[in-house]
Every structure is written in structure tokens, then in C-alpha cells.
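Keeping their order, the protein sequence lines are chains A and B.
For the first sequence, the working numbering assigns the number 90 to the initial residue and increments by one for each residue that follows.
For the second sequence, the working numbering assigns the number 19 to the initial residue and increments by one for each residue that follows.
Backbone N, C-alpha and C fix where the C-beta goes; we use that ideal spot for every residue, glycine too.
Shown next, in C-alpha cells, is the structure this report addresses.
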Amino acid sequence: MLSHRRIAQARKRDLLDKVIASLDGAAHGDGPEGAPPVMGDLARDFLRLLVANGRVRLLGEVLDALTAMLDDQRNTMRAVVTTAVPLLKRERDMIGRKLAEHLGAARVELDEQVSEKVVAGVLIHVGDHVIDASVRTYLHTMRERLRQVRVSELAASGLLALKAEGQA
Amino acid sequence: MSYASRTARRYARALFALAGEEAQRASVVEQLSLVQARCAELPEL
Numbered sequence: 090m091l092s093h094r095r096i097a098q099a100r101k102r103d104l105l106d107k108v109i110a111s112l113d114g115a116a117h118g119d120g121p122e123g124a125p126p127v128m129g130d131l132a133r134d135f136l137r138l139l140v141a142n143g144r145v146r147l148l149g150e151v152l153d154a155l156t157a158m159l160d161d162q163r164n165t166m167r168a169v170v171t172t173a174v175p176l177l178k179r180e181r182d183m184i185g186r187k188l189a190e191h192l193g194a195a196r197v198e199l200d201e202q203v204s205e206k207v208v209a210g211v212l213i214h215v216g217d218h219v220i221d222a223s224v225r226t227y228l229h230t231m232r233e234r235l236r237q238v239r240v241s242e243l244a245a246s247g248l249l250a251l252k253a254e255g256q257a
Numbered sequence: 019m020s021y022a023s024r025t026a027r028r029y030a031r032a033l034f035a036l037a038g039e040e041a042q043r044a045s046v047v048e049q050l051s052l053v054q055a056r057c058a059e060l061p062e063l
């Protein structure tokens with residue numbers, strides 16, 4: 090709504106002020122009188138500038154860029170961690186610590202996702218890199234290896250003989 | 019990179035510089051994220 094062309098600038102600014110006021114109100118609903126507002130002057134003025142320049146729709150991209158710059162300053166990296174079941178706190182801490190050591194980062198922020206597709210283990214995406222320690226991939230790799238095994242190798246290993254004995 | 023993305027980066031760089039210190043930068047990011055989340059709840063026209 091804030092970026093709609095048919096809404097006048099003054100209306101958008103009023104709307105923005107209401108959004109900001111609602112955030113302040115939500116934060117101080119049970120708080121003490123005279124508590125500082127949630128929104129600082131800089132963020133408030135910046136948002137008004139975006140509205141005035143018709144750039145509110147860029148807010149998401151601005152935030153992505155700001156977050157990336159802040160991460161660089163803090164030597165922080167972000168990783169998407171996918172597991173079959175939610176991580177325990179100690180597992181989360183351990184993965185974050187190990188990744189930070191591995192990547193040479195001061196800190197790694199984890200974005201946790203749960204997917205039954207990984208079966209068990211963990212799948213980690215950091216930037217363009219993937220660390221795959223999922224059982225799904227292990228099973229897939231094993232299946233591909235088994236496909237490549239020749240029948241003669243199975244016979245030599247005695248597996249076929251065992252199967253024949255079982256059927257007898 | 020699109021014109022919109024370049025523009026967004028210019029705004030971000032300017033705001034990052036204005037915010038100055040790390041704590042202030044983090045605070046601004048948090049505040050803008052709150053507004054973004056609240057704006058996402060507004061009805062589309």
C-alpha cells in the first residue's frame with residue numbers, strides 16, 4: 090500500500106507514521122510512561138525519505154544489503170541448516186561453533202529448517218557452499234554404488250550363495 | 019544487477035554510513051525489519 094502510485098504522498102506518510110506509532114504502542118503497551126520510542130530518528134527519517142522518493146518497495150532489498158554489510162563488519166556468516174527434526178540447543182551451539190571454526194568467521198547465524206526429506210543427519214548451505222551430511226544423500230550414494238557392482242563381484246563376495254541358501 | 023538493486027544498495031550504503039557505530043547500525047536494521055514486517059500485514063491495493 091505504501092508504494093502504490095495512486096495514493097498521495099501525504100497519505101502514505103500518514104500511513105507510515107501510523108505503522109511506526111503502532112510499533113511504539115505495541116512495545117510500550119504495558120511499559121512505563123515516557124519510555125523511548127521503538128523507532129529512532131534515523132530509521133524514521135530514512136523511511137520518510139523512501140516514501141517521499143517513491144522507493145518504499147526497495148525496503149526489502151535495502152534491508153538485505155544492510156544486513157550483509159553488518160555481517161561483514163562483524164565477521165558473521167549465515168547458514169541454512171536443514172534437519173529432519175528440530176535441533177536441540179546444544180546441537181545448534183555445536184554446529185554454529187564448528188561452522189565458525191571451519192569458515193574462519195567470528196560467528197555463524199543459523200537459519201534452521203526442518204524437512205523429513207533429509208531422513209536424518211544435517212544439510213547445511215553457506216553462501217554457495219553445501220555441506221551434506223544427510224542420511225538421504227548417504228542412502229542415495231549407496232544405491233548408486235550398488236548399481237555399479239557387477240554380478241560377478243557379488244558372486245565372488247559370496248552374497249549370491251547366501252541368498253541361494255536362504256531360498257532353499 | 020538491476021537498477022532497483024543498485025538503487026537499494028546506494029540507499030543502504032548511505033544509511034550504513036550515517037548510522038556510524040555497529041550497535042546503531044544493528045538497531046536501525048532491527049527497526050526497519052519491524053516496519054517491513056508490519057507493512058507486510060497491510061492490505062494490498
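Residue environment, residue i, which counts as buried when at least 16 other CB atoms sit within 10 Å
i	result
Gln49 of chain B	buried
Ala222 of chain A	exposed
Leu235 of chain A	exposed
Ala168 of chain A	buried
Met128 of chain A	buried
Distance between residue j and residue i (C-alpha atoms, nearest Å)
i	j	result
Leu46 of chain A	Ala132 of chain A	Any property of residue 46 of chain A remains undetermined from this structure, which presents chain A solely from 90 to 257.
Tyr21 of chain B	Leu139 of chain A	16 angstroms
Gln98 of chain A	Ile109 of chain A	16 angstroms
Arg100 of chain A	Thr165 of chain A	39 angstroms
Arg137 of chain A	Leu212 of chain A	41 angstroms
Leu60 of chain B	Ala194 of chain A	38 angstroms
Gln237 of chain A	Met231 of chain A	10 angstroms
Asp161 of chain A	His191 of chain A	17 angstroms
Phe135 of chain A	Ile184 of chain A	37 angstroms
Leu228 of chain A	Arg239 of chain A	19 angstroms
Asp130 of chain A	Gly114 of chain A	16 angstroms
Ala244 of chain A	Arg225 of chain A	28 angstroms
Residue i: contacting residues in chain B (beta-carbon distance under 8 angstroms)
i	result
Ser111 of chain A	Arg56
Val127 of chain A	Gln49, Leu52
Ala141 of chain A	Chain B residues near Ala141 of chain A: none, gap ~12 angstroms exceeds 8 angstroms.
8 angstroms CB neighbourhood of residue i in its chain, flanking five on each side removed
i	result
Val46 of chain B	Leu33, Ala37
Gly216 of chain A	Met166
Where residue i meets chain A, residues with beta-carbon distance less than 7 angstroms
i	result
Ala26 of chain B	Leu147, Glu150, Val151, Ala154
Ala41 of chain B	Going along chain A, no residue has its Cβ under 7 angstroms from Ala41 of chain B, so there is no contact; the nearest lies around 10 angstroms.
Contacts of residue i in chain A (Cβ-Cβ under 9 angstroms)
i	result
Tyr21 of chain B	Ordered by position in chain A, no residue passes the 9 angstroms Cβ test against Tyr21 of chain B, which lies about 11 angstroms from the chain.
Neighbourhood of residue i by C-beta distance below 7 angstroms, restricted to the same chain and skipping five residues each side
i	result
Arg43 of chain B	Phe34, Ala37
Arg102 of chain A	Arg137, Val140
Proximal chain B residues relative to residue i, where beta-carbon distance stays under 7 angstroms
i	result
Gln162 of chain A	Glu40
Contact test: residue i Cβ vs the ligand ATP heavy atom, cutoff 8 angstroms
i	result
Glu190 of chain A	In the structure shown, the ligand ATP is absent, as is every other ligand, since no ligand is present at all.
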